[in-house]
């Protein structure tokens, strides 16, 4: 019952309302209030990551003790796995808030922006920390509705149309999830995730179980932009303001999409083989189709959005391999390695994709265009942006010294050891194509001479944007240290253990 | 079982409307139909034969009550549905002002 | 709107408003509660704006008043929740006030407070959504 | 009871089909309002008065907003012959619906029939609820006390929607 867990949700929500009220009287306060709130969240999230280790701390909201082993109230849960995700959310959120201090000068009514930003962070923290199915749906709605409004923040034609398409698909996903929750409640008559696993333990009909899993997978898969449901991602991410598309691509599809799929499919449903095979195929499809769609793009942000789909494909692929091995009950240590690779790549992707979108925003801020053809020779006029974007491009395409290489290496090793040679080969090919596509991005944007004579001299972006870009690039480099076995033991293995040995989650919750 | 199947058919009619219709208002109408059918689905789950509305009357306490939990969930979900519908209507009126038409395919062409 | 609509609104708007308050205050005794009462109050306010048109209420472009009311009400909801956390039994959302006798008006501890604040918050929110639509239609016609 | 519900839901399905295929937008929105109001009848049949009150008022507000948007435009939907692309999307839509319906009917055979549902988590809400929360209305007890965290999230969802509507409807977005 450590009192730290509710702070992750109360502080951003209360902060959002303070920003909304003070934004009307003191114009400048909202920027610094938001950054202060997010800095506080970063501190407590790293503190809780360092102290959590193997155990799982539980918070019974409202103080309702379980009666004869059936939990009544809503539980908030902090364990090894979601401590990592909470750190990603708050860190990237803090850096995007710093970045948008100077980026938001181009938009009107910035206090709405900061209030919605705090609500999105609070919603995501609520989704990740909650142990109750309907509670996940409510906080999912908070973060999703605020992301609809943030995507359409500069009310231009293309942004409104992109936000409408995003809302229609997001709304359909929410109703599929609501139907899935109704279905689960119909069979198990309870909403607590650990309790649902207990209720499912005493027998279930095979066909019903498959139908519920497909409903939940398609609902959250749409939020994670997996391949059959990826239509909204390129438009939404390219038309949103850059700090928001960095948050959406770097954090939102992970915290609200991939994290919930992993949590539900490992800790609530018992892993069945055909579902695992379906998830792996969806992962490989996202990986391959995402990269082929990304090659032909000339708009920077659309190129990065399609690459998000293919990088997410990597994570889903490696976790799918882990699921197949667990469902077959063979070689558990390879399954653990595959899931470790998946989570490691998840963290890396949050770092370098957030940085790439911030770079795209910096380029758009100073040159005013996002089209690669109209750019060129920015290396001389924008040295810091080109340096950080070089680091990010090298790490996303898996060049050795940087973090992307190590996580892709672990995924490919796990695929080879698990005898999925085709998947390992596909992963390598996609990594090479990603490298080619980012070489094109670097060459056109930074290094070839700009043939179009731009009259005003392109100057470097102001300090807050530079600071957050430099910090993110340092994180990118530091993350490659995570590949060293003993550091990996302390951070990644608790997350993998909570997922793989499925009885641990329920015994810890029902026990306490 | 017939009530559950009819409720799922209503959900499917809404899904069909969202997939095939090109008019913005029709898409919003189909979304609210999908919403209505998921509320009905929760209420159907909570019903108990011979149950009474879950209001405790201190005079005669012994009664079979209908399950209050799905009703509490639907209470929350209705206001979420209102929130999403209001957001969608704001975007639709804004798109109509900018593009002058409700047809989503024309909007795609005009976007250029 | 025609004079008939204005007269009927004068008659029933007050009663609808009172009914909304009744539903909120008796939330823990009879069906309805914070949400239902809040929406009924918002309905009565919308009725008045529909019947008498936007300029009657001198709607300014920046409807500053209602956003403040609404975010203040939400902050109060959060402060009650946190107050359960602070000086109650150190547990978030705890019902720390005395429970009283079931069926009496002042009985369910914190619940009537939640009802009232959520009711005001819902009423203010829905009224703002309606106002911003009306203002947007008038602004863009100009 | 099941017969009464099925008749009302059958009526709702007809209303929904008309709402989707209506040529005039205003009648399509009115048909959607009718479907919402017949949901109120279903709630009353299913012994859920709380939901009936909230649904009837929320449906009125949704209807007012939708009519406000539709009245603002040309109320006719530009009727155009279904071209090939229209047929393909209609065919895929019907195909998806057929598969999902088949799997749905197949998977609900072993579940509780309407009215015979056992209780697990909610049993403790009913037994000691009046004493634990002190509220006579069990649903309000569950909404504000057992699951009060959800309701706070709920109030925040409404505030987010208001903020979203205010940001979308402001006249000038970029300087």
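Residue numbers (my numbering), protein chains in the order written: chain A, 3 to 514; chain B, 526 to 637; chain C, 842 to 983; chain D, 66 to 240. Positions of the beta carbon are idealized from the N, C-alpha and C atoms, including for glycine. Bear in mind the structure is a predicted one, so any value in this text is a computation, not a measurement.
When you compare the CB of residue 124 of chain D with every CB in chain E, is at least one pair closer than 9 Å?
The chain labelled as chain E is not found among the protein chains of the depicted structure, namely A, B, C and D.
CA-CA distance, residue 583 of chain B and residue 865 of chain C?
Here residue 583 of chain B is taken as the residue at index 58 of the second chain, counted from 1. Here residue 865 of chain C is taken as the residue at index 24 of the third chain, counted from 1. Approximately 21 Å between the Cα atoms of the pair.
Where DSSP assigns a beta bridge to residue 411 of chain A, which residues make up the other side?
The residue given as residue 411 of chain A occupies position 409 in the first chain. According to DSSP, which records beta bridges pairwise, residue 411 of chain A is partnered with nothing at all.
Check residue 350 of chain A in the structure and name its three-state DSSP category.
Position 348 of the first chain holds residue 350 of chain A. Helix.
is_contact[residue 234 of chain A, chain B] using C-beta, thresh 9 Å:
For the purposes of this step, residue 234 of chain A is taken as the residue at position 232 of the first chain. Taking Cβ atoms only, chain B never reaches closer than 9 Å to residue 234 of chain A, which makes this a no.
For residue 905 of chain C, which residues of its own chain have a beta-carbon under 7 Å away from its beta-carbon, when the five flanking residues on both sides are left out?
Residue numbering aside, residue 905 of chain C sits at position 64 when the third chain is read from its first letter. Confidence is the limiting factor: at residue 905 of chain C the pLDDT is only 48, short of 50, which leaves the residue's position unreliable, though a coordinate-based value still follows. Cβ neighbours of residue 905 of chain C beyond the five flanking positions: none.
Secondary structure at residue 127 of chain A, three-state DSSP: helix, strand or coil?
On the first chain, position 125 is the one that residue 127 of chain A refers to. DSSP places residue 127 of chain A in helix when its eight states are reduced to three.
Return the CA-CA distance between residue 204 of chain D and residue 601 of chain B, expressed in angstroms with no decimal places.
The residue you call residue 204 of chain D lines up with position 139 of the fourth chain. The residue you call residue 601 of chain B lines up with position 76 of the second chain. Looking at the two C-alpha atoms, the distance is approximately 11 Å.
From the DSSP output, which residues share a beta bridge with residue 548 of chain B?
The residue given as residue 548 of chain B occupies position 23 in the second chain. Partner(s): B:628.
Does chain D have any CB closer than 9 Å to the CB of residue 971 of chain C?
To locate residue 971 of chain C, count along the third chain from 1; it is residue 130. Interface residue, yes.
Is the beta carbon of residue 356 of chain A sitting closer than 9 Å to the one on residue 320 of chain A?
For this step, residue 356 of chain A is matched to residue 354 along the first chain. For this step, residue 320 of chain A is matched to residue 318 along the first chain. Cβ atoms of residue 356 of chain A and residue 320 of chain A: not closer than 9 Å.
Partner residues on chain B for residue 858 of chain C, Cβ-Cβ distance less than 8 Å:
Along the third chain, read from residue 1 onward, the residue named residue 858 of chain C stands at position 17. The premise fails here: residue 858 of chain C is roughly 20 Å from chain B at the closest Cβ pair, so nothing lies under 8 Å.
Just how far apart, CA to CA, sit residue 174 of chain D and residue 292 of chain A?
Indexing the fourth chain from 1 puts residue 174 of chain D at position 109. Indexing the first chain from 1 puts residue 292 of chain A at position 290. Their Cα atoms are separated by approximately 39 Å.
Grab me the residues of residue 328 of chain A's own chain with a C-beta within less than 6 Å of its C-beta, minus the 5 sequence neighbours each way, in chain order.
Numbered from its first residue, the first chain carries residue 328 of chain A at position 326. The residues are 273 and 337.
Please identify the residue among A:362, A:57 and A:103 whose C-alpha is closest to the C-alpha of residue 511 of chain A.
Position 509 of the first chain, counting from 1, holds the residue named residue 511 of chain A. Nearest option by C-alpha distance: A:57.
Name the two residues that bound the continuous beta strand (DSSP E) containing residue 79 of chain A.
On the first chain, residue 79 of chain A is found 77 positions in, with the first residue counted as 1. Taken as a continuous stretch (DSSP letters only), the beta strand (DSSP E) holding residue 79 of chain A covers 77-80.
Nonlocal neighbours in the same chain, by C-beta distance under 6 Å from residue 888 of chain C, ignoring five residues either side
Taking the third chain and counting its residues from 1, one reaches residue 888 of chain C at position 47. For residue 888 of chain C, where only same-chain residues beyond five positions count, the Cβ hits under 6 Å are 850 and 854.
If you draw a straight line from the C-alpha of residue 109 of chain A to the C-alpha of residue 255 of chain A, how long is it?
Position 107 of the first chain, counting from 1, holds the residue named residue 109 of chain A. Position 253 of the first chain, counting from 1, holds the residue named residue 255 of chain A. Distance between the alpha carbons of residue 109 of chain A and residue 255 of chain A is about 25 Å.
Continuous beta strand (DSSP E) stretch holding residue 61 of chain A: start and end:
Locating residue 61 of chain A in the first chain gives position 59, counting from the first residue. Residues 59-62.
Can you confirm whether residue 978 of chain C, when its beta carbon is compared against all beta carbons of chain D, has any partner nearer than 9 Å?
Translated into positions along the third chain, residue 978 of chain C becomes position 137. For residue 978 of chain C, the answer is yes, since a Cβ of chain D falls inside 9 Å of its Cβ.
Could you tell me which of A:447, A:9, A:485 and A:400 sits nearest to residue 368 of chain A, measuring between CA atoms?
Within the first chain, numbered from 1, the residue matching residue 368 of chain A stands at position 366. Ranking A:447, A:9, A:485 and A:400 by Cα distance to residue 368 of chain A puts A:447 first.
Going by alpha carbons, who is nearest to residue 163 of chain A out of A:124, A:185, A:241 and A:143?
The sequence position of residue 163 of chain A within the first chain is 161, counting from 1. Nearest of A:124, A:185, A:241 and A:143 to residue 163 of chain A, Cα basis: A:241.
Among A:388, A:284 and A:196, which residue has its Cα nearest to the Cα of residue 216 of chain A?
Along the first chain, one-based indexing puts residue 216 of chain A at 214. Nearest C-alpha to residue 216 of chain A: A:284.
Contacting positions in the region 158-182 of chain A - beta carbon closer than 8 Å to chain B
159, 160, 162, 163, 165, 166, 169, 170, 173, 174, 176, 177, 180 and 181
Quick one: does residue 930 of chain C have its CB under 9 Å from some CB of chain D?
Sequence index remark: in the third chain, residue 930 of chain C carries index 89 (1-based). With a pLDDT of 44 at residue 930 of chain C, under the threshold of 50, the modelled position of this residue cannot be trusted, and the question is left open.
With respect to 8 Å, is the separation between the Cβ of residue 170 of chain D and the closest non-hydrogen atom of the ligand NAD below this value?
Of ligands this structure carries none, so the ligand NAD is not represented either.
For residue 220 of chain A and residue 175 of chain A, what's the separation of their Cα atoms in angstroms?
Along the first chain, read from residue 1 onward, the residue named residue 220 of chain A stands at position 218. Along the first chain, read from residue 1 onward, the residue named residue 175 of chain A stands at position 173. Roughly 7 Å between the two C-alpha positions.
Residue burial classification, residue 86 of chain A (beta-carbon count within 10 angstroms, cutoff 16):
Counting from one through the first chain, the residue named residue 86 of chain A turns up at place 84. Label assigned to residue 86 of chain A: buried.
Have a look at residue 626 of chain B and residue 620 of chain B and give me their C-alpha separation to the nearest angstrom.
Here residue 626 of chain B is taken as the residue at index 101 of the second chain, counted from 1. Here residue 620 of chain B is taken as the residue at index 95 of the second chain, counted from 1. Looking at the two C-alpha atoms, the distance is approximately 8 Å.
Return yes when the Cβ of residue 557 of chain B is within less than 9 Å of the Cβ of residue 181 of chain A, no when it is not.
By 1-based counting over the first chain, the position of residue 181 of chain A is 179. By 1-based counting over the second chain, the position of residue 557 of chain B is 32. Result no, Cβ atoms of residue 181 of chain A and residue 557 of chain B do not sit closer than 9 Å.
If we cut at 9 Å on Cβ distances, does residue 600 of chain B have a partner in chain C?
Stepping through the second chain from its first residue, residue 600 of chain B is reached at position 75. So, interface residue.
Evaluate residue 488 of chain A with the Cβ neighbour count: other Cβ atoms within 10 Å of its Cβ, from every protein chain shown; 16 or more gives buried, anything less gives exposed.
Position 486 of the first chain, counting from 1, holds the residue named residue 488 of chain A. Residue 488 of chain A is exposed by the Cβ-count criterion.
Where residue 563 of chain B sits in the DSSP three-state scheme
On the second chain, position 38 is the one that residue 563 of chain B refers to. Residue 563 of chain B: helix per DSSP, three-state reduction.
Going by alpha carbons, who is nearest to residue 125 of chain D out of B:611, B:530, B:616 and B:631?
Here residue 125 of chain D is taken as the residue at index 60 of the fourth chain, counted from 1. When only C-alpha atoms are compared, the closest one is B:611.
Who are residue 577 of chain B's beta bridge partners in DSSP?
Here residue 577 of chain B refers to the residue found at position 52 of the second chain. In the DSSP output, where bridge partners are listed per residue, residue 577 of chain B has B:590.
Is DSSP giving residue 69 of chain A helix, strand or coil here?
Position 67 of the first chain holds residue 69 of chain A. Residue state, collapsed to three classes: strand.
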